[in-house]
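Q:
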Amino acid sequence: MISIKTELKDVLSIKSDALVIFIPSDEKNSKAAKRKLETLFGKSISSTSLIDVTGKTGETTVFYTPESFASKRIILTGIGESNKVTLEYIRRAGATAAKKAQEIKLSSIAYILDIFDNGNLPLTDSYEDISCAIAEGAVLGTYKFATYFTDDEQKSTHLKAVSLIAHAKKYLKEIEKGTNRAAAICEGVYLARDLGNTPGLDLYPGTLAAIARDKCRKAGCNVTVLDEKKITSLKMGGVLSVSKGSERLPRFIIIEWNGGRRSEKPYVLVGKGITFDTGGISLKPSANMAEMKMDMSGAAAVIGAMMTVAALKLPVNVIGLVPACENMPSGKAIRPGDVIRIMDGKTVEVDNTDAEGRLILADALVYAKRYKPKAVVDLATLTGACVVALGHYATGMMGNDDNILDALKAAGDRSYERVCELPLYDEYEKLIKSNVADVKNVGGRWAGAITAGWFLKKFVDEYPWVHLDIAGTAILEENGDYTQKGASGVGVRLLVEWLRSV
Ligand code: BES
Ligand code: MN
Ligand code: ZN
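In structure tokens, the structure reads:
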């Protein structure tokens, strides 16, 4: 990950490969910004060379500075219309500039923040939040999964350092807070993306548990990993039956962060950790099956969030639970029609072995009860139906508690990892009725995301609970402003933003 610094310096003496300056696109503010550039940089930026600079989002323009400047270049990055600027546009503009720097092989850039000074833009966000957004954009925008390349050019990341420049001393502290928060968040997102992108050959329940233990312990959490023996003695029938077809034994990972008072009940985060989903005996078609290496994205979000929560020393108690299995077909695998028993004793008819996520989550939701949690939030790449419903720009959300649903909606809007509620109406319950067991693991053709939610609800105790179906938002088909094709690491920023607010 690139390093993020905060510095108090005047523009002349900042030493970097490029100064980054934000440009709005509306007439009035764009003109003012350009006039300021001309005064500052003299004839190296003339009004004619600025004609093509529109300030639209996604646009960058590179200029060279006069000799009197310690930085060689200027990158102008558009943030769009002044009165529409939000933290998300700032995040994107931060990313656009960093990606440009990466492309032209610069190793350091310095963001100039004075456009965000009082009154310049109709923004009410704090300098801390603005700085956090810029740094997030820079770091997340330049992520690359390079573990398996052997070619130096593919492996290399040119951009090494970004700094955010405070133009007045009174802003220094706030900017520092913002960049420190961004650094902790981005470490979590990078970990989640790396875990998602790592192939099933190398990432399986045992290695997932080892990485979670290592990273979260270093951040200050307690980590316990339950092996197959312990999982058997706990009678976690969902975890045991899903992993039966695989040579790789399951794990149940427990991560604890005690930042709150001892007496305070914890929030519990649950992440689906299917390290590879072939579908099992109900085998998936081969097209795009490789994507199913990312079927542990819920687990990755929980592990990344726990690491970040600890790094930020948030004053709350949080437990992360990750049931981890590989879903494989074999002579030992469970078959359609089998009836299994979840940890609470309820029986499930496994009509389709490809609806495996809900089986392992059921055990985790039952296990969560022992903490008497303030709330439980589960994240899972649970259904293709959710991708059909919402595509890649919103996470499907269901739950039983309006306060938690509202808080997650708000955190989603602020972090821009947005969630959209789907209804758990009573009528949907009958779709998962079984003739031979307490419940069936599939609900037929319609409302697949909701019947999956309803299945989970059967194993939720009295506690407030929210289910997040991240099937569409965790696995991306193309690059975005600060996301790349592959694992997005979605959920880390959402969970951290929510836990910061509770
Ligand atoms: N991991 C998949 C869901 C999924 C699909 C995630 C596409 C991301 C992209 C899940 O285990 C699954 O296979 N779900 C089935 C459920 C069905 C059998 C009821 C599905 O969605 O087809
Ligand atoms: Mn499946
Ligand atoms: Zn799955």
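With our numbering, the residue at position 498 of the sequence shown is 491, and numbering never jumps.
Just so it is clear, CB atoms sit at the ideal spot from N, CA and C, and this is done for glycine as well.
#1: For residue 300 versus residue 181, is the C-beta distance shorter than 9 angstroms?
#2: Using DSSP's beta-bridge definition, name the partner residues of residue 75.
#3: Secondary structure at residue 270, three-state DSSP: helix, strand or coil?
#4: Under the criterion of a Cβ to heavy atom distance below 8 angstroms, does residue 349 qualify as lining the ligand ZN?
#5: If I measure Cβ to Cβ from residue 367 and keep anything under 6 angstroms in the same chain, skipping five residues before and after, which residues do I get?
#6: Which word fits residue 356, buried or exposed, when buried means at least 16 other C-beta atoms lie within 10 angstroms of its C-beta?
#7: Going by beta carbon distance, what residues of the same chain come within less than 7 angstroms of residue 348, once the five residues before and after it are set aside?
#8: What is the DSSP secondary structure of residue 255, reduced to helix, strand or coil?
#9: Assuming residue 329 contacts residue 274 under a Cβ cut-off of 8 angstroms, what Cβ separation, rounded to an integer in Å, is found between them?
#10: What first and last residue would you give for the beta strand (DSSP E) that runs through residue 345?
#11: I'd like to confirm the pairing. Which residues does DSSP put opposite residue 243 in its beta bridges?
#12: Using beta-carbon positions only, say whether residue 376 and residue 270 come within less than 9 angstroms of one another.
#13: Just tell me which of 152, 147, 184, 71 has its CA closest to the CA of residue 484.
#14: Hey, could you find the ends of the alpha helix (DSSP H) residue 296 is sitting in?
#15: Just checking, does the segment -3 to 7 make contact with the segment 41 to 55 on the three C-beta pairs under 8 angstroms criterion?
#16: Using only the alpha-carbon positions, how far apart do residue 406 and residue 412 sit?
#17: Just checking my contact of residue 11 with residue 99 at CB under 8 angstroms: how many whole Å lie between their CB atoms?
#18: Quick one: which unbroken beta strand (DSSP E) runs of 3-plus residues sit fully inside the segment 309 to 341? Chain order, please.
#19: State the start and end residues of the unbroken beta strand (DSSP E) segment that holds residue 214.
#20: Assess, as a yes-or-no matter, whether the segment 412 to 427 is touched by the segment 437 to 445 under the definition of 3 or more beta carbon pairs within less than 8 angstroms.
#21: Less than 9 angstroms separating the beta-carbons of residue 91 and residue 132?
#22: For the alpha helix (DSSP H) containing residue 491, list its first residue and its last residue.
#23: Quick one: Cα of residue 430 to Cα of residue 401, how far?
#24: Note down the Cα distance separating residue 467 from residue 290, rounded to an integer number of angstroms.
#25: Roughly how far, in whole angstroms, is the beta-carbon of residue 263 from the beta-carbon of residue 371, given that I think they are within contact range, below 8 angstroms?
#26: Looking only at DSSP bridge pairs, what is residue 179 linked to?
#27: Between which two residues does the beta strand (DSSP E) carrying residue 56 extend?
#28: Just the C-alpha distance for residue 346 and residue 317, rounded to the nearest angstrom, thanks.
#29: Taking residue 71 as the reference, which of 359, 55, 188, 63 has the closest Cα?
#30: Taking 8 angstroms as the cut-off, does the segment 108 to 120 touch the segment 56 to 67 (at least 3 CB pairs, one atom from each stretch)?
#31: Can we count residue 288 as close to the ligand ZN, meaning its CB is less than 8 angstroms from some heavy atom?
#32: Answer yes if the segment 152 to 170 comes into contact with the segment 194 to 214, meaning at least three C-beta pairs across the two stretches below 8 angstroms, and no otherwise.
#33: Pairs of beta-carbons, one from the segment 480 to 494 and one from the segment 305 to 321, closer than 8 angstroms: are there three or more?
#34: At which residues does the alpha helix (DSSP H) containing residue 382 begin and terminate?
#35: When the Cα of residue 445 is compared with those of 454, 351, 393, which residue comes out closest?
#36: In three-state terms, what does DSSP make of residue 545?
A: So, from the data block:
#1: yes
#2: BP columns for residue 75 are empty, so no partner.
#3: strand
#4: yes
#5: 258, 260
#6: buried
#7: 434, 435
#8: coil
#9: 6 angstroms
#10: Residue 345 -> no beta strand (DSSP E), and no H or E assigned at all.
#11: DSSP, once it has assigned bridges, lists no residue as partnering residue 243.
#12: no
#13: 184
#14: 290 to 304
#15: no
#16: 8 angstroms
#17: 6 angstroms
#18: 310 to 320, 332 to 334
#19: Where residue 214 is concerned, there is no enclosing beta strand (DSSP E), given that its DSSP letter is neither H nor E.
#20: yes
#21: yes
#22: 485 to 494
#23: 34 angstroms
#24: 6 angstroms
#25: 4 angstroms
#26: The partner list for residue 179 (beta bridge, DSSP) is empty, contrary to what the question assumes.
#27: 53 to 57
#28: 16 angstroms
#29: 55
#30: no
#31: yes
#32: no
#33: yes
#34: 377 to 383
#35: 351
#36: A question about residue 545 goes unanswered here, because the residues of the chain that appear run from -6 up to 495.
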